[in-house]
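Q: Everything in the sequence shown is counted per this note's numbering, starting at 9 for the first residue and increasing by one. Here a beta-carbon is modelled for each residue, glycine too, at the ideal position from N, C-alpha and C.
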Amino acid sequence: MTNINISRLSVKRAFTLGRNALLLLGLACVSCKDFLEPKSPSEYIPANIEQLNELILSAIPGADLSHNANTTCGFLDILSDDIQTRGFIDPTGSPSPNWYQQGYIAAIYAMYTWQPNYSTYMQTRGYTIFDQIYTVSYHRLVYVNSTLDYADRVTADDERMRNYVKAQAHTLRAMYYLHLVNVYGVPYNVDPNGPGVPLRTTGARENRPMVRNTVGEAYDLIVSDLLYAIELFEQLESTMQFRQFRANMPMALLLLSRAYLYMEKWEQAAFYAEKLINDWSHRFAVNNLNQWIAAGITNVDPQAATTANPDVRRRQFFYPDFANYNNRDVIWIYDAASNVASLTAREMWPGNQHVINNDAYAIMTLASPSLINTFHADDLRLRTYFVRSLFDEPDYSTNTFNQTNVRYRAYGKLRISNNETGVPSIQNQNRFLPITDNRAFGRTLRFTEAYLTLAEAQAMLGQSGDALQTLHTVWNGRFAGGNVPASYTSGDAVQLVRDERRREFAFEAMRWFDLRRWGQPQITRVWYDTVFGDRQEFELGHNDPGYTLPMPATILGANPDLSQVPMYNNGQPRRPL
9 MTNINISRLS VKRAFTLGRN ALLLLGLACV SCKDFLEPKS PSEYIPANIE QLNELILSAI
69 PGADLSHNAN TTCGFLDILS DDIQTRGFID PTGSPSPNWY QQGYIAAIYA MYTWQPNYST
129 YMQTRGYTIF DQIYTVSYHR LVYVNSTLDY ADRVTADDER MRNYVKAQAH TLRAMYYLHL
189 VNVYGVPYNV DPNGPGVPLR TTGARENRPM VRNTVGEAYD LIVSDLLYAI ELFEQLESTM
249 QFRQFRANMP MALLLLSRAY LYMEKWEQAA FYAEKLINDW SHRFAVNNLN QWIAAGITNV
309 DPQAATTANP DVRRRQFFYP DFANYNNRDV IWIYDAASNV ASLTAREMWP GNQHVINNDA
369 YAIMTLASPS LINTFHADDL RLRTYFVRSL FDEPDYSTNT FNQTNVRYRA YGKLRISNNE
429 TGVPSIQNQN RFLPITDNRA FGRTLRFTEA YLTLAEAQAM LGQSGDALQT LHTVWNGRFA
489 GGNVPASYTS GDAVQLVRDE RRREFAFEAM RWFDLRRWGQ PQITRVWYDT VFGDRQEFEL
549 GHNDPGYTLP MPATILGANP DLSQVPMYNN GQPRRPL
């Protein structure tokens, strides 16, 4: 049997080929309407399946900042109840009154207060880069659909490679549409016949309007794509079923279980989650955070409470490989670390290097008390999943360390700069920010999700004992000695699972989707006026239209056949209560 070389190709080469193909084939960029057939022999036409196997890499949002805009930008975390603002900082006591003069704060305000005109609000302030979900996703779908257009037309020395390329493309298409329909479409369990997103399944020009398909139609395509991808993967040897940096079979299984979960098809969700667990536990595992702590990966030094050294009290070390294939929990990685926290890790700064408490820089957003209060004090995730916000803690050169003073930034699970010593450098060197380079990924699909999908499906099917047993698989690695507190195991099984999903997936762009499918609850939170510090309360009501993001105005302008979803107050600004 002929061996097939499916090792990871040069990413730079693949992106170059992809960009050239995009230009020469006339692929669309913003509206993604046109994919023109080549008109002359001088234009690029894929000749064999190996070229398509390279081209499909261009459909993957990687960590290469020069070629990739990401698919979330931290938007979804800011919308959720896992984030709060840190409160008003009086600029009059600073060397320069410009805490709030950075324009990115307008972007945070627009999302944090659920403004229906969030897109226009940001665009008028020059922050269009933070509003890329629709454009980036459809841009990459052109690569996916173009690959499928040619997959059965090009030559292949071995049909296994053709199946491999098609399996990747169908998995990626399902991933993008599952993301898009949960951002811009109404929740499936609210109205499967409601407005979803436009579906394109070919890269060729189509003489039909760019209109919304229903949510149900989007899910039908997602499920059929993933079922077919799994069927194709199952025909391949194991070395072709999972490959780093490639769409893979475990990824397809996880996405299919997620899709069925969102559709409330509990038996199917449980089946595919359990299939992933049973078939792939030799390759993947739920992390045991006891091992991280033992290796010194913690945001609170064990000596913090017993030493007078302020540097020890401030010291933080973070797991460098969370979004990395060295992490056995990781099935797939995507998006740049600095991009996914592009708003939540941004800082307000004074006019010069001036130390206020522990830090010269204040962060605008923090983890909300309602999130942190779901954690028991002994939960090791508090020590490993979050970045401490030193600005909000006492000045430890004159104060003792008190664990109750700890506050957390609204990001974590990324490659974080720690200056090798774990101590922040005030001189504009290191403030525990995400590392910016072409190797630092920011988003993951994780094996742990399969357990929590299975647990939720079991709970919804009335199998409370099984759900708790599944949850214990996760909890055993979240507490010292696996000693799970009674507060995690007592009560309604459905609520226990929901609390655990919130804890485990904090700041992984999943909470917003969960809130949408769990009844779209009322959320009230506070914003402080950036001029006078006035306290303002904003409310996202129960079943509020704001739970479905309106299409950006630029997208509607480029595609006049697209309809808008119902908007809060007919699109007028959301005002404080």
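Please look up how many angstroms separate the CB atoms of V338 and Y459, rounded, as I've assumed it's under 8 angstroms.
A: Contact doesn't hold; Cβ gap of about 15 angstroms is too wide.
Q: Could you tell me if E508 is buried or exposed, where buried requires 16 or more neighbouring beta carbons within 10 angstroms of its beta carbon?
A: buried
Q: Below 7 angstroms CB to CB, which residues in the same chain sit around A475 once its five sequence neighbours on both sides are set aside?
A: A463, Q466, A467, A501, V505
Q: DSSP three-state label for R511, please.
A: helix
Q: Within 10 Å of its beta-carbon, does T132 have 16 or more other beta-carbons around it, so buried, or fewer, so exposed?
A: exposed
Q: Residues bridged to T93 by DSSP?
A: DSSP, once it has assigned bridges, lists T373 as partnering T93.
Q: Starting from the N-terminal side, write out each stretch of the beta strand (DSSP E) that is 3 residues or longer and does not extend beyond the region 474 to 555.
A: 531 to 536, 543 to 548
Q: Please classify N335: does DSSP put it in a helix, a strand, or coil?
A: coil
Q: Residue range of the alpha helix (DSSP H) that L87 falls in?
A: 83 to 87
Q: If Y404 sits next to P310, beta carbons under 8 angstroms apart, how far is it from one beta carbon to the other, in whole angstroms?
A: Going by Cβ atoms, the distance from Y404 to P310 rounds to 15 angstroms, so no, they are not a contact pair.
Q: Check whether the region 298 to 317 and the region 393 to 410 touch, using three or more Cβ-Cβ pairs below 8 angstroms as the test.
A: yes
Q: For Q123, which residues in the same chain have their Cβ closer than 7 angstroms to its Cβ, ignoring the five residues on either side in sequence?
A: Taken in chain order, the residues that qualify are Y129, P581, R582.
Q: Just mark D569 as buried or exposed, buried being the case when its beta carbon has 16 or more other beta carbons within 10 Å.
A: Flag for D569 reads exposed.
Q: Would you mind giving the Cβ-Cβ distance between L557 and V189, rounded to the nearest angstrom? I have them listed as a contact below 8 angstroms.
A: In fact, because the Cβ distance is near 11 angstroms, the residues do not count as touching under 8 angstroms.
Q: Figure out for me which residue from G554, L564, G565 has the closest Cα to the Cα of G579.
A: G554
Q: Would you kindly work out how many angstroms separate the C-alpha atoms of A375 and V431, rounded to a whole number?
A: Those two C-alpha atoms are separated by around 21 angstroms.
Q: Roughly how far, in whole angstroms, is the beta-carbon of Y227 from the beta-carbon of M259, given that I think they are within contact range, below 8 angstroms?
A: For Y227 against M259, the beta-carbon gap comes to about 18 angstroms, at or over 8 angstroms, which does not count as contact.
Q: Using 8 angstroms as the threshold, is the region 151 to 170 in touch with the region 206 to 214, meaning 3 or more CB pairs across them?
A: yes
Q: Skipping 5 residues on each side, what residues in its chain have a beta carbon closer than 7 angstroms to that of F325?
A: G304, I305, T306, N426, G430
Q: For R254, which three-state DSSP category applies?
A: R254: coil per DSSP, three-state reduction.
Q: Would you decide whether D537 is buried or exposed? Buried here means 16 or more other CB atoms lie within 10 Å of its CB.
A: exposed
Q: When the distance is taken between beta carbons, is P195 closer than 9 angstroms to V231?
A: no
Q: Determine, using beta carbons only, whether K421 and F330 come nearer to each other than 9 angstroms.
A: yes
Q: Can you tell me whether I424 is helix, strand or coil according to DSSP?
A: I424: strand per DSSP, three-state reduction.
Q: Roughly how many angstroms separate the alpha carbons of E51 and L261, rounded to a whole number?
A: Residue confidence for E51 is low, a pLDDT of 45 falling below 50, so the modelled location carries little weight and cannot support an answer.
Q: Which word fits T93, buried or exposed, when buried means at least 16 other C-beta atoms lie within 10 angstroms of its C-beta?
A: In summary, T93 is buried, with 16 or more beta-carbon neighbours lying within 10 Å of its beta-carbon over all protein chains present.
Q: Just the Cα atoms here: how many angstroms apart are A312 and V320?
A: 6 angstroms
Q: Spell out a yes or no on whether the region 446 to 458 and the region 241 to 255 are touching, meaning 3 or more CB-CB pairs, one atom from each, closer than 8 angstroms.
A: no
Q: So, helix, strand or coil for M575, using DSSP?
A: Coil.
Q: Tell me whether Y393 counts as near the ligand FAD, meaning its Cβ is closer than 8 angstroms to at least one heavy atom of that ligand.
A: This structure does not include the ligand FAD; it has no bound ligands of any sort.
Q: Indicate whether L186 and F455 have their beta-carbon atoms separated by less than 9 angstroms.
A: no
Q: Give the secondary structure of L570 by DSSP, where H, G and I count as helix, E and B as strand, and everything else as coil.
A: coil
Q: So the candidates are P206, E225, Q59; which of them puts its Cα closest to the Cα of V219?
A: P206
Q: Quick one: what does DSSP say R354 is sitting in, helix, strand or coil?
A: coil
Q: Looking at the secondary structure, which residues open and close the beta strand (DSSP E) in which F399 lies?
A: Note, F399: premise wrong, no beta strand (DSSP E); not H, not E.
Q: My guess is that A353 and I443 are in contact by the Cβ rule of under 8 angstroms, so how many angstroms apart are they, rounded?
A: I443 and A353 do not touch by the CB rule: their CB atoms are close to 11 angstroms apart, not below 8 angstroms.
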